[in-house]
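Report on one structure; see the data block that follows.
Numbering (this note's numbering), first residue to last: 202 to 367.
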């Protein structure tokens with residue numbers, strides 16, 4: 202078996218590294234001589250972004266689930282930022298659709314576009330297109346907050362979700 206090539210970028214101490222092994226890229230940050238976190242990624246860009254977040258103190262192992270993050274927003278920022286009717290819509294959506302759902306249980310960095318699409322597809326038989334659009338908007342708002350405000354995830358998986366033609 203041929204020896205696998207190891208590619209590692211050198212940075213200043215404490216800034217982490219990205220290593221390629223067996224076609225996967227690993228982001229690693231060490232603190233006090235111990236691995237703080239290491240995970241595999243399909244591309245160098247994703248590993249670099251994860252490394253940067255880890256250096257800045259965001260450890261993906263401790264990212265909240267979608268449900269927990271949504272609840273935290275509902276109890277805090279949404280109250281100050283949005284109209285009471287909008288907050289009420291989000292609270293209803295959270296209570297009736299997100300709480301206890303497969304999407305709600307996923308950690309923020311684990312949510313993929315397919316997960317959001319499957320979530321909406323499960324709601325499809327019960328709701329009209331306008332309601333589904335509202336639900337997608339709710340999911341999009343929460344994930345966009347995680348991208349833009351908190352920089353917890355790289356991109357919003359709720360972008361360009363397909364709705365039924367009905």
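We treat Cβ as the ideally placed atom computed from N, Cα and C, and that holds for glycine.
Could you tell me the distance, in whole angstroms, from the CA atom of residue i to the CA atom of residue j?
{"i": "residue 284", "j": "residue 268", "result": "21 Å"}
{"i": "residue 156", "j": "residue 325", "result": "An answer regarding residue 156 cannot be provided, because it is not within the stretch 202 to 367 covered by the chain."}
{"i": "residue 263", "j": "residue 249", "result": "18 Å"}
{"i": "residue 407", "j": "residue 332", "result": "In the structure as shown, the chain starts at 202 and stops at 367, and residue 407 therefore has no counterpart that could be examined."}
{"i": "residue 358", "j": "residue 342", "result": "11 Å"}
{"i": "residue 240", "j": "residue 364", "result": "33 Å"}
{"i": "residue 292", "j": "residue 275", "result": "7 Å"}
{"i": "residue 265", "j": "residue 366", "result": "34 Å"}
Starting from residue i, trace the beta strand (DSSP E) both ways and give me its first and last residue.
{"i": "residue 218", "result": "218-222"}
Can you name the start and end residues of the alpha helix (DSSP H) that residue i belongs to?
{"i": "residue 266", "result": "From DSSP, residue 266 is part of no alpha helix (DSSP H); its letter is neither H nor E."}
{"i": "residue 345", "result": "330-349"}
{"i": "residue 359", "result": "Residue 359 -> no alpha helix (DSSP H), and no H or E assigned at all."}
{"i": "residue 353", "result": "It is not in any alpha helix (DSSP H) - residue 353 carries neither H nor E in the DSSP assignment."}
{"i": "residue 316", "result": "314-324"}
Could you please give me the residues that DSSP links to residue i through a beta bridge?
{"i": "residue 227", "result": "220, 241"}
{"i": "residue 308", "result": "266"}
Following a CB-centred definition, is residue i positioned closer than 7 Å to any heavy atom of the ligand SAH?
{"i": "residue 221", "result": "By its list of ligands, the structure shown contains no ligand whatsoever, and the ligand SAH lies outside what it can speak to."}
List the whole-angstrom C-beta distance separating residue i from residue j, where the pair is believed to meet the contact cut-off of C-beta under 8 Å.
{"i": "residue 336", "j": "residue 296", "result": "About 13 Å; that fails the 8 Å criterion."}
{"i": "residue 307", "j": "residue 354", "result": "Going by Cβ atoms, the distance from residue 307 to residue 354 rounds to 11 Å, so no, they are not a contact pair."}
- Task: May I have a chain-ordered list of the alpha helix (DSSP H) segments no shorter than 4 residues that lie completely inside the stretch 281-305?
- Result: 285-294
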